[in-house]
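A.B. asks: Got a structure for you, questions after.
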Amino acid sequence: MPESLGEKTEAATPKKLEQSRERGQVAKSQDLSAAVGLVVATVLIVAYGGTLVERFAFMLRSVFENEIAGDPLFAPDALDSFSESMVHAVLLMVPVLVVSFLAAYVVQFIQVGWLFTTKPLKPNFGKLDPVKGTKRLFDTKNLVKTLVNVLKLIFVISIAWAVIAARLPRLAALPSLEVGGAMWLVGVTVLEVAAAMAVLLLTLALIDWIYQKWQHQRDQRMTKQEVKEERRSMEGDVETKRRRSRMYSEIARQQVQAGTPTADVIVTNPTHFSVAIRYDGEAMTAPTVVSKGADLLAFQIRQIAESHGIPIVERPPLARALYHGTDVGQQVAPEHYAAVAEVLAYVYRLDADAREKAGVGAA
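Taken in order, the sequence shown gives residues 1 to 363; the numbers are from this note's numbering.
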């Protein structure tokens with residue numbers, strides 16, 4: 001049997017997944033970031049490339065025409081010209097860098113969410129073991145990954161060659177074209193190659209992301225014994241919980257047996273809840289709950305009350321409120337004074353009537 005062999009056949013529990021996440025073990029595709037980066041770069045070339053080229057050309061023209069930082073043939077002025085040119089170049093590239101950073105961040109956030117951990121940075125000297133390193137080189141997972149990367153490279157080269165081959169006759173005529181026409185043809189060709197590769201890599205990256213999520217769930221699987229041990233650590237030992245439950249039940253029964261006979265009245269639901277109330281005007285400032293119970297304990301309270309001649313009054317809303325809102329030994333809450341007083345007054349009238357009848361009978 002797989003479970004007897006300790007094979008991982010169970011899906012990972014939320015706790016196991018959270019612990020893996022804290023260690024930086026999450027499902028993500030590195031190819032997806034690269035593919036989205038290429039898509040963003042292609043879009044930026046189309047949307048911002050012409051403006052970027054014009055501004056760079058204007059900057060170079062200004063330098064060569066001595067409009068920036070003096071004479072470029074004079075060493076100090078040449079350094080100033082270079083520095084100012086670099087500042088202009090950086091400012092021109094800021095929009096591209098910001099958009100690229102945001103795209104990379106969004107891709108990582110979609111895959112992983114917000115995650116900050118330093119555990120993957122801790123040194124693991126076990127990885128320096130040459131024997132284990134050699135085994136990892138020939139591990140099935142690494143071999144499959146290498147094969148997939150080779151196939152990706154073949155696909156990329158094939159797509160690039162297909163696009164270039166379609167324009168090969170025109171590219172062969174580049175020497176006969178003017179500079180502007182030649183640059184335009186090269187630029188369009190490069191853009192078509194980039195667009196085709198972006199679509200291909202994005203498709204492969206999405207497939208890889210789905211595969212990485214599946215592989216991560218598979219790697220995080222647990223054995224039946226691991227699931228049992230985790231449940232035991234979270235919920236406590238089952239036998240201990242049973243003993244504790246029996247102990248609480250015994251304490252509740254003792255409270256019912258000791259407190260119920262001292263009550264003045266039993267307020268019931270009528271079947272689910274029973275609450276025993278006692279009031280001594282000389283010793284108490286308010287009525288007190290001396291016992292309470294639900295289901296079986298409620299039935300036992302009614303049995304004890306009947307054997308001791310204690311009145312049982314059905315007041316479902318009051319019984320539920322007292323059961324959930326007042327512990328044994330506590331006085332009832334002020335908001336229940338009126339309802340409890342009405343019940344006690346009813347009981348006292350019953351006692352008075354019973355005594356009066358007993359007196360008449362005796363006479």
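Glycine included, each C-beta is placed from N, C-alpha and C at the ideal position.
(1) Measuring CA to CA, which of 39, 217, 108 and 224 is closest to residue 96?
(2) Rounded to the nearest angstrom, how far is the Cβ of residue 15 from that of residue 221, given a contact under 8 Å?
(3) Taking only the alpha-carbon atoms, compute the straight-line gap between residue 256 and residue 215 and give it to the nearest angstrom.
(4) Would you tell me roughly how many angstroms separate the C-alpha atoms of residue 365 and residue 140, rounded to the nearest one?
(5) Could you compute how far the alpha carbon of residue 253 sits from the alpha carbon of residue 350?
(6) Are residue 265 and residue 322 close, meaning C-beta to C-beta below 8 Å?
(7) Just reading off the alpha helix (DSSP H) that residue 21 is part of, what are its end residues?
(8) Whose C-alpha, out of 191, 326, 46 and 343, is nearest the C-alpha of residue 160?
(9) Whose CA, out of 230, 263 and 243, lies closest to the CA of residue 10?
(10) By the three-class DSSP mapping on this structure, what secondary structure does residue 366 have?
(11) Whole angstroms is fine: what's the gap from residue 47's alpha carbon to residue 226's?
(12) Does the distance from the CB of residue 185 to the CB of residue 168 come in under 8 Å?
(13) Would DSSP call residue 278 helix, strand or coil?
(14) Check each candidate in 83, 44 and 92 and name the one with the smallest Cα separation from residue 430.
(15) For residue 269 versus residue 320, is the C-beta distance shorter than 8 Å?
(16) Under DSSP, the alpha helix (DSSP H) around residue 329 begins and ends at which residues?
(17) Look up residue 150 in the DSSP assignment and say whether it is helix, strand or coil.
(18) Buried or exposed for residue 336, please, with buried defined as at least 16 other CB atoms from any protein chain shown within 10 angstroms of its CB.
(19) Please determine whether the Cβ atom of residue 297 lies at a distance below 7 Å from any heavy atom of the ligand PLP.
(20) Assign residue 317 to buried or exposed, taking buried as 16 or more other Cβ atoms, counted over all protein chains shown, within 10 Å of its Cβ.
(21) Would you check if the stretch 282 to 294 and the stretch 329 to 349 touch, i.e. whether three or more CB-CB distances between them fall below 8 Å?
(22) Quick check for students: name the residue ranges of the beta strand (DSSP E) that lie wholly in the stretch 245 to 277, counting only runs of 3 or more.
(23) Under a Cβ-count criterion, where at least 16 other Cβ atoms within 10 Å of its own Cβ denotes burial, should residue 354 be classed as buried or exposed?
(24) As a quick exercise: from 279, 274, 283 and 305, pick the residue whose alpha carbon is nearest that of residue 294.
(25) Between residue 198 and residue 27, which are expected to be in contact by the criterion C-beta below 8 Å, what is the C-beta distance as a whole number of angstroms?
(26) Based on Cα-Cα distance, which residue from 31, 315 and 332 lies nearest to residue 203?
(27) Roughly how many angstroms separate the alpha carbons of residue 312 and residue 297, rounded to a whole number?
(28) Closer than 7 Å by C-beta to residue 21: which residues in its own chain qualify, once you throw out the five before and the five after it? Chain order, please.
(29) Per DSSP, what kind of secondary structure is residue 7 in: helix, strand or coil?
(30) Taking the beta carbon of residue 193 as the centre, do at least 16 other beta carbons fall within 10 Å, making it buried, or is it exposed?
(31) From this set, 37, 155 and 112, which residue's C-alpha is nearest residue 99's C-alpha?
(32) Would you kindly work out how many angstroms separate the C-alpha atoms of residue 272 and residue 282, rounded to a whole number?
C.D. replies: With the given structure in hand:
(1) As a first step, residue 96 must be located in the sequence shown, where it is residue number 96. Nearest of 39, 217, 108 and 224 to residue 96, Cα basis: 39.
(2) Walking along the sequence shown from the start, residue 15 turns up at place 15. Walking along the sequence shown from the start, residue 221 turns up at place 221. Wrong, their Cβ atoms sit about 14 Å apart, outside the cutoff.
(3) By one-based count along the sequence shown, residue 256 stands at place 256. By one-based count along the sequence shown, residue 215 stands at place 215. Using only the alpha carbons, I get a separation of about 57 Å.
(4) Nothing in the structure corresponds to residue 365, since the chain is present only between 1 and 363.
(5) Locating residue 253 in the sequence shown gives position 253, where the first residue counts as 1. Locating residue 350 in the sequence shown gives position 350, where the first residue counts as 1. Between residue 253 and residue 350, the C-alpha separation is close to 29 Å.
(6) Here residue 265 refers to the residue found at position 265 of the sequence shown. Here residue 322 refers to the residue found at position 322 of the sequence shown. No, the Cβ-Cβ distance between residue 265 and residue 322 is not below 8 Å.
(7) Here residue 21 is taken as the residue at index 21 of the sequence shown, counted from 1. Here the alpha helix (DSSP H) through residue 21 covers 14 to 22.
(8) Along the sequence shown, one-based indexing puts residue 160 at 160. The shortest Cα separation from residue 160 among 191, 326, 46 and 343 belongs to 191.
(9) In the sequence shown, counting from the first residue as 1, residue 10 sits at position 10. When only C-alpha atoms are compared, the closest one is 230.
(10) The requested residue 366 is not part of the displayed model; the chain covers only 1 to 363.
(11) Counting from 1 along the sequence shown, the entry for residue 47 is found at position 47. Counting from 1 along the sequence shown, the entry for residue 226 is found at position 226. In a straight line, the C-alpha of residue 47 is about 55 Å away from that of residue 226.
(12) Counted from its first residue, the sequence shown places residue 185 at position 185. Counted from its first residue, the sequence shown places residue 168 at position 168. Their beta carbons are not under 8 Å apart, which means residue 185 does not touch residue 168 by this criterion.
(13) What you label residue 278 is simply residue 278 of the sequence shown in a count that begins at 1. Residue state, collapsed to three classes: strand.
(14) Outside the displayed range of the chain (1 to 363) lies residue 430, so it cannot be described from this structure.
(15) On the sequence shown, position 269 is the one that residue 269 refers to. On the sequence shown, position 320 is the one that residue 320 refers to. Yes, these two residues count as a Cβ contact at 8 Å.
(16) Position 329 of the sequence shown, counted from the start, is the residue given in the question as residue 329. Element bounds for residue 329: n/a, residue is neither H nor E.
(17) Along the sequence shown, one-based indexing puts residue 150 at 150. Helix.
(18) Within the sequence shown, numbered from 1, the residue matching residue 336 stands at position 336. Classification for residue 336: buried.
(19) Although the ligand PLP was asked about, the structure shown includes no ligands whatsoever.
(20) What you label residue 317 is simply residue 317 of the sequence shown in a count that begins at 1. Residue 317 should be labelled exposed.
(21) yes
(22) 265 to 268
(23) Counting from one through the sequence shown, the residue named residue 354 turns up at place 354. By the neighbour-count rule (16 or more Cβ atoms within 10 Å), residue 354 is not buried but exposed.
(24) The residue labelled residue 294 in the question sits at position 294 within the sequence shown. Ranking 279, 274, 283 and 305 by Cα distance to residue 294 puts 274 first.
(25) By one-based count along the sequence shown, residue 198 stands at place 198. By one-based count along the sequence shown, residue 27 stands at place 27. So it is not a contact: roughly 23 Å between Cβ atoms.
(26) On the sequence shown, residue 203 is found 203 positions in, with the first residue counted as 1. Cα-wise, what sits closest to residue 203 is 31.
(27) Here residue 312 refers to the residue found at position 312 of the sequence shown. Here residue 297 refers to the residue found at position 297 of the sequence shown. In a straight line, the C-alpha of residue 312 is about 15 Å away from that of residue 297.
(28) Along the sequence shown, read from residue 1 onward, the residue named residue 21 stands at position 21. Around residue 21: 115.
(29) One-based indexing of the sequence shown puts residue 7 at position 7. Correct three-state label for residue 7: coil.
(30) Mapped onto the sequence shown, residue 193 falls at position 193. That one is buried.
(31) Here residue 99 refers to the residue found at position 99 when the sequence shown is read from its first residue. Ranking the options by Cα distance to residue 99, first place goes to 37.
(32) As a working mapping, residue 272 is identified with position 272 in the sequence shown. As a working mapping, residue 282 is identified with position 282 in the sequence shown. Looking at the two C-alpha atoms, the distance is approximately 32 Å.
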